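Worksheet: one structure, shown below.
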Amino acid sequence: MSLDRPNELTRAIADQVEAIEPALIALRRDIHAHPEVGFETVRTAALVASELERIGLKPQRGVGRVGVVAEIEGGAPGPCLLIRADMDALPMEELTGLPFASTIPGKMHACGHDIHTATLLGAGMVLKNLAPMLRGSVRLVFQPAEETVESGAAAMVADGAADGVAMALAFHNRPEMPVGRFGYVRGASTASSDEFDVIIHGRSGHAARPHAAVDPIVAASAMIMQLQTAISRVMDPSQSAVLTIGHIAGGSTHNIIPDSCMFQGTVRCRSAASRDTMEATFRRICEGVGAAMGVTCEISYIRGAPALVNDDGVVDAAVRSVSAQFGADVIDQLEGRFGAEDFSYFSERIPSCQLLVGASQPGRNDRVHNSDYQPDERCIGLGVAALVRTAVDVLS
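Take the sequence shown: its letters are residues 0 to 395, numbered as in numbering that gives the first Met the number 0.
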């Protein structure tokens, strides 16, 4: 296929997306009705592989345990562009009442990964048709376990999914933006996600005789209050972080000072330097307060996904392509957030960009990770067109 003028390419992509959009919505609804969490995405991966085989690709199964990878070879040699979609759902009950609502109790696609999977399948269908135009190849990566501490992206990278790739794209539905709009972030789009568990050991005793005990609850309270100074007095305000205590437990009744107390939480940072500073400060505060109050501490500090940092060159390419396909007035530069996204395991190795795709239905005020989340399904076709146009442009 030869499309010499930009308008011809725009129309060809739009026409092909329109033709497959009903089928993509049906695929999305099938996946939505059968949510799978973490590395349990066996049925979803099988459906993905079947669709890829149907269009003439040869998917590789079992990458990163249950991930799927397929390569679309262009008509001439060139770089490899990776496009990734996540497939997993969340462990929560769905309350939408939709005809295609989850059939699995306690599991729901509340983050739109069903949308992502259908979108990347659609992009694969169109790019397979346009493959003779490409100078290089497109690697489609369908990833499990984005929502879990044990990362599916890390597992797929370890299995070679990122090998030989020159640049990478990801995308995420954004219910805060109306359908038809797109967004991007320069620099850090999301934050690193680290978790901690602290157990404080004291000495139990009668509540009426605290001098004869060593109170771990008071020590835990002092640590928690001092940890907030890590944000306000240690971090550079322009490179801030988030530290949240999400769980605290200690003691069993009114009149006993317990032997131990524990608290758990998360630290989010948007740069590697901030991440190192926060961990060192966290340990220093807990150990210092513990020594001052005569308790001992067990600290478990586990690093999760790093920050997702977008590459300016790939961002510029994606913005140009979206603007060429839809018009320059549909895409906005947005601020980064402190949520986590394990596409960062790809972005720390490869120049990358995560594109944000508006998904809000008119009259609704949805948010992801909500039991009533209902994205506008038109974002599937729009996402397909944006990804295809970007792939064709960067591989031309």
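Glycine included, every Cβ here is placed at the ideal spot set by N, Cα and C.
Keep in mind that this is a model prediction, so the values were computed, not measured.
query	result
Starting from I198 and walking both ways along the alpha helix (DSSP H), at which residues does that stretch end?	I198 -> not in any alpha helix (DSSP H); beta strand (DSSP E) instead, spanning 191–200.
Should V68 and A390 be called a contact, given that it needs their Cβ atoms to be closer than 7 Å?	no
Note down the Cα distance separating N128 from K57, rounded to an integer number of angstroms.	15 Å
Considering just the uninterrupted stretch of the alpha helix (DSSP H) at V156, what are its terminal residues?	151–157
Of the choices V233, H171, D328, S251, whose alpha-carbon is the least far from that of H205?	S251
Measure the CB-CB distance between T40 and G382 and report whether it falls below 7 Å.	no
Between the stretch 354–372 and the stretch 206–213, are three or more C-beta pairs nearer than 8 Å?	no
I believe H108 touches E145 by the beta-carbon criterion, under 8 Å. Please report the beta-carbon distance rounded to the nearest angstrom.	Not really, about 12 Å apart at Cβ, beyond 8 Å.
Could you give the DSSP three-state label for G380: helix, strand or coil?	helix
Please say whether V294 and M222 have beta carbons closer to each other than 7 Å?	no
Could you tell me how far apart the beta carbons of S203 and P257 are, in whole angstroms, since I believe they sit closer than 8 Å?	6 Å
Between V329 and I298, what straight-line distance do the alpha-carbon atoms span, to the nearest angstrom?	47 Å
Return the residue from the list C110, A169, Q332, M176 that minimises the CA-CA distance to A122.	A169
Taking only runs that begin and end inside the stretch 77–121, name each unbroken beta strand (DSSP E) of 3 or more residues, in chain order.	none
Starting from H31, trace the alpha helix (DSSP H) in both directions and tell me its first and last residue.	5–32
Within its chain, find whatever has a CB closer than 6 Å to the CB of M261; leave out the 5 residues flanking it on each side and keep chain order.	I198, A248
According to DSSP, what are the bridge partners of E297?	I198
With which residues is D315 paired in a DSSP beta bridge?	The partner list for D315 (beta bridge, DSSP) is empty, contrary to what the question assumes.
Is the number of C-beta pairs between the stretch 77–91 and the stretch 33–47 that are closer than 8 Å three or more?	yes
Let me know the secondary structure DSSP gives Q324 once reduced to three states.	helix
Looking at C-alpha atoms only, which residue of Q225, Y183, L242 is the closest neighbour of A385?	Y183
By the DSSP assignment, the alpha helix (DSSP H) with P215 in it spans what residues?	215–226
Would A397 pass as a contact of S101 if the rule is Cβ separation under 7 Å?	Any property of residue 397 remains undetermined from this structure, which presents the chain solely from 0 to 395.
When the Cα atoms are used, what is the spatial distance from G66 to A207?	58 Å
DSSP three-state call for Y344: helix, strand or coil?	helix
Where does Q238 fall in DSSP's three states?	helix
Pick helix, strand or coil for A390, following the three-state DSSP scheme.	helix
Is it true that the CB of G73 sits closer than 7 Å to the CB of M155?	no
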